[in-house]
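Residue numbers (our numbering), protein chains in the order written: chain W, 3 to 257; chain B, -7 to 410. Scroll down for the structure; my scribbles are underneath it.
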């Protein structure tokens, strides 16, 4: 290694670390995209494993499911139903933008076609698309800071996300509020192509799991049925865990 | 009596001219018979395909079911159990021919690595086959006891899933209790209706299989399709049914016209077209008759003047001329009926084969047979005949009045014609 190259490397490292420190200390200098991206990374980690309770309430019925989840980066996720008995073992695998469901009752794995992406996931108010597209906000949307200041005594940022012209997304617009104090998201509002609000995701119960602050509760409320909701509560959550090889494969679905 | 004889005799005084006019009336009438016959054929076929293929003449739903088709809006929603009783009561209505219950849902079908969304339809195989035609002529059926959990797929859906008879298909859907309904079925038939949207989306189950998958009670159904003796009376039948106590209190009966307004519009349009055509042809015939009768009166000015001078009252003169035109018209109608019947005997049995030009075609969402067969629309034939007769009469009225008003002196002074 020549000395010149060594100097250059050192300089790059120095610049990188300085900018990192700056970013850590002075959040106000971050761009809108960086904030949204960072919130996303904080909530996710490189990998995670946890259990959660999902409560779905509709006009006709209300049910609770216990789910076990694994994720790796933004590309891979596995969700397995632990309870109730009737659906125990039903497993959803997501790899990139593909999705499969394993159904133990009939011992079959079913690929979810593109046409079913907007269908409900496990009867909840989340769609299959939510699982697949989750965390691709900074790829598919233009992100703009639309408000900065206090909402109910709480300093927040509010972002307006508009999809890139050719982005394969279903929303016409997304509003996103993040509180400044700890970069926690507070709510996300989804708007249709017609500009009308379709549903709202509200975060609460901020708690530490695996050394990270996360909103332990998220509740999705559809605009057309305001009495209905799907609520997810983390029971436990670990970050940056080592996940066995082959977890995110079709073969592992049956296990 | 003399008037009648006068009219008849006068008709043949210039037989060539009369024959030409008669053949004009005949052509007009034959043309109307054939054209209306073809149009009635199209309308009937559309109605038959629209109703007989899948819809039935009248459908009964929970009043909230359409247009959302919500899984929960079943006919037995508010008071299950009584459904059988209602069906028995409805079944006693004299006009009713057949009823069949159905359940619908959306679901995901999968064979190995291929999946597709589909409209799931649960039917009562025996009564469905008697009511509608969409299950006719498919290989295999829903009632084969050898297949448990049978399933019939639309042709294009089967292609998408790469399924053939015997293929195992996993079906996943949202059940009524919120759980993920899933089960395995075996393809027992491939459905080919010729209507793209059905062939691409329809998956047919036995009603009990689908109810089980959806966690619905056996009394919970979405639809009762009915056929009645006279499909054109469907509006009245539905109205009476809604007014009667035979219906579940939350049920709503709708005729094919309510369910497929475009079909009703087309048939209404076709009917007004018949009237329009009768008027147009009537006008042509009237012009011909007017011309003939004007000539006749003009030729006979001296004769009429003489009759006048001899003291014949104007009424018999008018009568004889009107009668002459009636004879013209009747002979024309008779000849036209002959020609029309001859053409119709071919068109009703063989039909016009449009296959070469159109292939398989659908119109307003109903499948059209490329062989277009005419149908005798007796009402319209009668209307056409009346219309043409009235126009010949009206056309003759003016010359007749003119004849009656002839001044005998002037008429007698007129030069004698050939």
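Backbone N, C-alpha and C fix where the C-beta goes; we use that ideal spot for every residue, glycine too. These figures come from a predicted structure and were not determined experimentally.
- When 8 Å is used as the limit between beta carbons, residue 89/W is near these residues of chain B: 171 and 172, in chain order.
- By the neighbour-count criterion, in which 16 or more other beta carbons inside 10 Å mark a residue as buried, residue 130/W falls on the buried side.
- In this model, residue 265/B and residue 389/B are separated by some 27 Å (Cα to Cα).
- Boundaries of the beta strand (DSSP E) harbouring residue 111/W: 110 to 113, taken from the DSSP string.
- Around the beta carbon of residue 401/B, fewer than 16 other beta carbons sit within 10 angstroms, so the residue counts as exposed.
- When only Cα atoms are considered, residue 102/W and residue 248/W end up about 15 Å apart.
- Going by C-alpha positions, residue 276/B is about 23 Å away from residue 311/B.
- If you look at residue 178/B, you'll find it in the beta strand (DSSP E) that goes 172 to 183.
- Counting only Cβ-Cβ distances below 8 Å, residue 107/B has contacts in chain W at 112, 113, 114, 115 and 118, in chain order.
- The distance from the Cβ of residue 339/B to that of residue 29/B is about 6 Å, consistent with a contact at the 8 Å cut-off.
- Of 49/B, 285/B and 323/B, the smallest CA-CA separation from residue 124/B is found for 49/B.
- A direct Cα-Cα distance of roughly 18 Å separates residue 161/B from residue 115/B.
- Runs of the alpha helix (DSSP H) lying entirely within the segment 65 to 102 of chain W, each at least 4 residues long, are absent.
- Flagged as an interface residue toward chain B: residue 125/W, by a C-beta distance shorter than 7 Å.
- Any Cβ of chain W closer than 7 Å to the Cβ of residue 162/B would place that residue at the interface, and such an atom is present.
- Using a CB distance cut-off of 7 Å, residue 105/W counts as an interface residue toward chain B.
- At a cut-off of 7 Å, the C-beta of residue 102/B has a neighbouring C-beta in chain W.
- For residue 156/B, the three-state secondary structure derived from DSSP is coil.
- A residue is called buried once 16 or more other Cβ atoms fall within 10 Å of its Cβ, and residue 43/W, having fewer, is exposed.
- Look at residue 256/W: its C-beta is not under 7 Å from any C-beta on chain B.
- Not a single C-beta of chain B is nearer than 7 Å to the C-beta of residue 71/W.
- If you look at residue 380/B, you'll find it in the alpha helix (DSSP H) that goes 370 to 396.
- Taking a Cβ-Cβ threshold of 8 Å, the residues of chain B close to residue 108/W are 162, 174, 175 and 176, in chain order.
- If the five residues before and after residue 381/B are omitted, its C-beta is found closer than 8 Å to the C-beta atoms of 318, 321, 322 and 325, all from its own chain and listed in chain order.
- The beta carbon of residue 289/B lies closer than 8 Å to those of 296, 313, 391, 392, 394 and 395 in the same chain, with the five residues before and after it left out.
- At a Cβ-Cβ threshold of 7 Å, residue 66/B and residue 212/B count as neighbours.
- Contact between residue 109/B and residue 118/W is confirmed by a C-beta separation of about 5 Å, below the 8 Å threshold.
- In the structure shown, residue 177/W falls within a strand segment according to DSSP collapsed to helix, strand and coil.
- From the beta-carbon of residue 63/W, the residues of chain B found nearer than 7 Å are 169 and 170.
- Below the 9 Å Cβ cutoff, chain B contributes no neighbours of residue 81/W, its closest Cβ being approximately 13 Å away.
- The straight-line gap separating the alpha-carbon atoms of residue 114/W and residue 107/B is approximately 7 Å.
- Between residue 232/W and residue 126/W, the C-beta gap is smaller than 7 Å, which places the two residues in contact.
- 7 Å or more divides the Cβ of residue 89/B from the Cβ of residue 216/B.
- In this structure, the alpha-carbon of residue 55/W lies about 24 Å from that of residue 251/W.
- Fewer than three beta-carbon pairs drawn from the segment 75 to 83 of chain B and the segment 253 to 271 of chain B are found closer than 8 Å, and the two stretches are therefore not classed as touching.
- Taking the beta carbon of residue 122/W as reference, the chain B residues within 7 Å of it are 166, listed in sequence order.
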